[in-house]
């Protein structure tokens with residue numbers, strides 16, 4: 001470690017201590033401060049760590065959390081960026097905040113924003129890349145899905161000896177020839193038969209064959225563009241899967257039960273998309289020599305995390321706070337809500353800041369029309385674009401008489417306390433979620449800070 005890196009490390013750790021202990025915050029500022037002193041401080045901070053990078057459009061935070069909990073079963077020093085602060089300054093902060101432990105093997109499991117993979121890889125030299133999926137997301141920032149994937153590939157090319165653990169059900173992940181060792185995971189359900197031949201819905205992104213540009217077909221489609229794909233024109237098809245889910249046993253908004261091989265796994269979160277996240281974590285854990293039993297235990301002990309089906313108790317309500325940020329992710333959340341057996345209230349918060357994506361037209365691509373409205377007894381809309389959100393729900397068939405607008409967080413919390421149901425689902429874009437959590441922290445509804 002050179003003098004500049006040493007100064008950056010001390011300054012960053014000091015600022016983290018002050019912000020975290022005095023101001024109860026500091027997710028990315030200490031990293032930004034340290035990088036001002038030494039732009040390559042991450043390189044010295046990461047020395048001695050075997051690094052796993054988790055990236056993709058949806059599921060990064062949950063997959064990272066599941067990997068961390070699994071690896072803790074076998075390894076003594078696991079570092080991560082748990083709040084989803086996934087750009088370079090947030091990752092630097094995670095290293096600054098981490099308390100080193102005596103362990104033979106030190107592992108950093110890092111969620112990394114797709115556009116930051118290349119610059120982070122330059123400094124970290126990861127041994128594993130975990131690729132979740134690529135969907136249309138914040139087109140003003142990322143562009144089309146192929147542009148997004150190219151940003152990831154540009155980073156992977158800097159680490160040719162790293163292992164790629166990728167979602168084999170996503171056709172884009174096997175489309176580029178890379179020298180890396182590849183491990184694919186996916187779904188092999190009983191209905192997945194070779195004689196099946198059907199297409200994804202017409203508005204689905206990412207269903208062109210990456211080799212010949214013909215429309216991909218499927219033997220089995222799980223959701224969006226994910227499934228057992230094949231091209232009837234050139235023969236391109238899903239790669240052989242090393243790890244797979246072969247049965248979904250039960251789903252509710254708060255639990256999943258599924259089988260991988262002959263073993264059943266349970267996890268206290270809902271949504272088919274989270275089975276993919278669990279499968280990605282399982283694949284990493286098995287590659288790191290964990291037993292099936294150790295993985296199953298880690299899944300069973302998994303805690304709800306920051307904004308991803310985060311459970312909050314307030315005013316006698318059971319609130320489920322869920323981040324939504326693109327059409328595919330939102331659609332899967334709406335499908336999950338249709339598995340709810342009890343009546344509930346729906347809160348929809350829409351912002352259009354840079355971190356959310358300034359174009360909110362994506363809410364029109366999600367299937368609000370398909371929600372079981374008989375179960376929804378009250379709707380609250382809020383966020384800076386509350387008017388757009390309310391109009392979208394009216395068009396989807398919601399009764400305007402059941403809808404109330406809350407233009408700020410204080411009003412929103414007051415309205416939540418008056419809701420007629422015990423169960424409340426809040427679907428919020430990123431900055432709307434952060435803003436609401438900040439207010440909840442100030443009111444001591446949740447623990448302050450990130």
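Residue numbers (UniProt numbering): 1 to 450. Heads up, the beta-carbon is just placed ideally off N, CA and C, and yes, glycines get one too.
- Query: Are residue 329 and residue 81 touching if we call contact CB-CB under 8 Å?
  - Reply: no
Point to revise | Which of helix, strand or coil DSSP assigns to residue 406 | key: strand
- Query: Just to confirm, are residue 315 and residue 427 a CB contact at a threshold of 8 Å?
  - Reply: no
In three-state terms, what does DSSP make of residue 261?
-> Residue 261: coil per DSSP, three-state reduction.
Q. What is the DSSP secondary structure of residue 127, counted as helix, strand or coil?
A. coil
Beta carbon of residue 230 nearer than 8 Å to that of residue 214: For the pair residue 230 and residue 214, the CB atoms are not nearer than the 8 Å cut-off.
Thinking C-beta only, is residue 425 closer than 8 Å to residue 356? no
field: residue 71: first and last residue of the uninterrupted alpha helix (DSSP H) it sits in
entry: 60-71
Q. Short check: CB of residue 301 to CB of residue 311, under 8 Å?
A. no
* Asked: Is there at least one non-hydrogen atom of the ligand NAP closer than 7 Å to the beta-carbon of residue 206?
  -> In the structure on display, the ligand NAP does not appear, and there are no ligands present to speak of.
Worksheet entry | Through-space distance from residue 154 to residue 169, alpha-carbon basis | 21 Å
Can you name the start and end residues of the beta strand (DSSP E) that residue 322 belongs to?
Per DSSP, residue 322 belongs to the beta strand (DSSP E) from 317-323.
Quiz prompt | Range covered by the alpha helix (DSSP H) that runs through residue 281 | solution = First-last of the alpha helix (DSSP H) with residue 281: 272-287.
ask   = Thinking C-beta only, is residue 56 closer than 8 Å to residue 133?
value = Yes. Within cutoff.
Helix, strand or coil at residue 308 [DSSP, three-state]:
strand
Whole-angstrom C-beta distance between residue 383 and residue 432, which should lie under 8 Å: 4 Å
Note down, one range per segment and in chain order, each beta strand (DSSP E) of at least 3 residues found wholly within the stretch 133-181.
163-167
Sort 238, 191, 202 and 244 by Cα distance to residue 224 and report the nearest one. 202
Do you know how far the Cα of residue 93 is from the Cα of residue 291? Computed Cα separation, rounded: 32 Å.
- Where residue 105 and residue 267 are concerned, what is the direct C-alpha to C-alpha distance, given to the nearest angstrom? Distance between the alpha carbons of residue 105 and residue 267: 27 Å.
Taking C-alpha atoms, which residue in 131, 327, 114 and 380 lies nearest to residue 421? Taking residue 421 as reference, the option from 131, 327, 114 and 380 with the minimal CA-CA separation is 380.
Practice item. To the nearest angstrom, report how far apart residue 394 and residue 320 are at their CA atoms. Key: 23 Å
Which of the three DSSP states is assigned to residue 55 in this structure?
Three-state DSSP puts residue 55 in a strand.
What are the uninterrupted segments assigned as beta strand (DSSP E) that are 3 or more residues long and contained completely in the stretch 173-254, given in chain order? 181-187, 217-223, 226-230, 243-245 and 247-252
Would residue 150 pass as a contact of residue 116 if the rule is Cβ separation under 8 Å? No. Outside cutoff.
Task: Local conformation of residue 313 per DSSP, three classes - done: strand
**Study point:** Pairwise C-alpha distance: residue 100 and residue 221
**Key:** 44 Å
Original post:
So who's on the other strand from residue 513, going by DSSP bridges?
Top reply: The question about residue 513 has no answer, for the chain in this structure spans 1 to 450.
TODO: State the DSSP-derived secondary structure class of residue 21, mapped to helix, strand or coil.
DONE: Reliability of the predicted coordinates at residue 21 is poor, the pLDDT of 45 falling under 50, and no value is obtained from them.
Extent of the continuous beta strand (DSSP E) run through residue 108: 106-111
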